[in-house]
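Read the structure below first, then the notes.
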Amino acid sequence: TVIEDTRLFDEVANLVEYPTVFKGEFDKAFLSLPQDVLITAMREHQRYFAVLCKGKRIEPIYIGVSNSLDDNLKEITKNHNKVLHARLNDAKFYWLEDLKKPPGERIEELNGVEWHRGLGTVFDKTMRLVELSLYLVKLLNRGEKDTIKRGALLSKTDLVTNMIKDGKEFTTLEGIIGREYALKSHEKKEVAAIISEHYLPRFPQDALPSRIESAIVR
37 TVIEDTRLFD
47 EVANLVEYPT
57 VFKGEFDKAF
67 LSLPQDVLIT
77 AMREHQRYFA
87 VLCKGKRIEP
97 IYIGVSNSLD
107 DNLKEITKNH
117 NKVLHARLND
127 AKFYWLEDLK
137 KPPGERIEEL
147 NGVEWHRGLG
157 TVFDKTMRLV
167 ELSLYLVKLL
177 NRGEKDTIKR
187 GALLSKTDLV
197 TNMIKDGKEF
207 TTLEGIIGRE
217 YALKSHEKKE
227 VAAIISEHYL
237 PRFPQDALPS
247 RIESAIVR
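In this text, residue positions in the sequence shown follow the numbering used here: the first is 37, and each later residue adds one.
Spelled out as C-alpha cells, the structure:
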C-alpha cells in the first residue's frame, strides 16, 4: 500500500509535465532504520512515495515519478536507486554514530548551541523549560512530575546529534528522532513521547499531544 500523502502528490503533480511512474527499491538492510527516517529520505529529498506492507511496516520499495517521456525506465530506476542508497547510507551512519551516546549525556552539549542573543544557549532554554514545566505540574496538579522533568531535560538533546545538527537533510525529524534515540537508550516511553510531542501542534490541523505530560512541556 502506498502511503497517502496529499502534500507530496500535489507537489509532484505541479513539478512534472510528462509524468512517468516507476517502482524502485532499496537494500533491506536499511529497514533497521526508524520508519520516519526512511519516509523522510524518500519524501523530503527525492519526492518518492513510500510503500507499506499490509499497512504497517515499510517495504524496501518506493514509487517515483519521472518528468520524462523516455521509455528506458530500467535505467531511470537504476539511477534513482543509487541516489536513494546514498541518502540512506548517510542516515544509517548518523543513526549508528548517535546511538553511541545516550540523550542524557548530550544535555551539557546544549551549552554550545546559541538559542537567541541575550537569552543564552539551548541549555539555558532547557533549564527554563524544566522550571516552567514543574511549575505547571504544581499549578494544575496534573501529570507525573519525574516523567515531565526527565522529558523536559531531554527534549532538545537531538539538536546536537549527527542526524539533526549543522542543518543536515534530516532536520525535519527534530523531536521525532529524539524520541527514537530515547527509546533506544531505554528511557520510559512516556519520556520519549514528550520529546516528540512537546512541539505539537507545529501547524494548523496538526496532531495534538497525546498525553498531558507532553502538553505541559511546551
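Think of the CB as a built atom: it goes at the ideal place given N, C-alpha and C, for glycine as much as any other residue.
For Val149, no alpha helix (DSSP H) run applies, since DSSP gives it neither H nor E. Membership of Arg123 in the alpha helix (DSSP H) is indicated by the continuous run 109-134. Among the bridge pairs identified by DSSP, Arg93 is matched with Cys89. The bridge partners DSSP lists for Thr56 are Ser102. Counting along the chain, Leu69 sits inside no alpha helix (DSSP H), nor does DSSP assign it H or E at all.
Taking the Cβ atoms as the reference, Trp131 lies roughly 11 angstroms from Leu209, outside the contact range of under 8 angstroms. In the DSSP annotation of this structure, Ser246 is not part of any alpha helix (DSSP H), being labelled neither H nor E. Note on Pro245: 16 or more other CB atoms within 10 angstroms of its CB, so buried under the neighbour-count rule.
Taking all protein chains in view, the Cβ of Leu189 is crowded by 16 or more other Cβ atoms within 10 Å, so the residue is classified as buried. Asn125 sits away from Leu51, with the two beta carbons spaced by 8 angstroms or more. Contact between Leu44 and Arg83 holds: their C-beta atoms lie close to 6 angstroms from each other, under 8 angstroms. Counting the other CB atoms within 10 Å of its CB gives Val57 a total below 16, which places it among the exposed residues.
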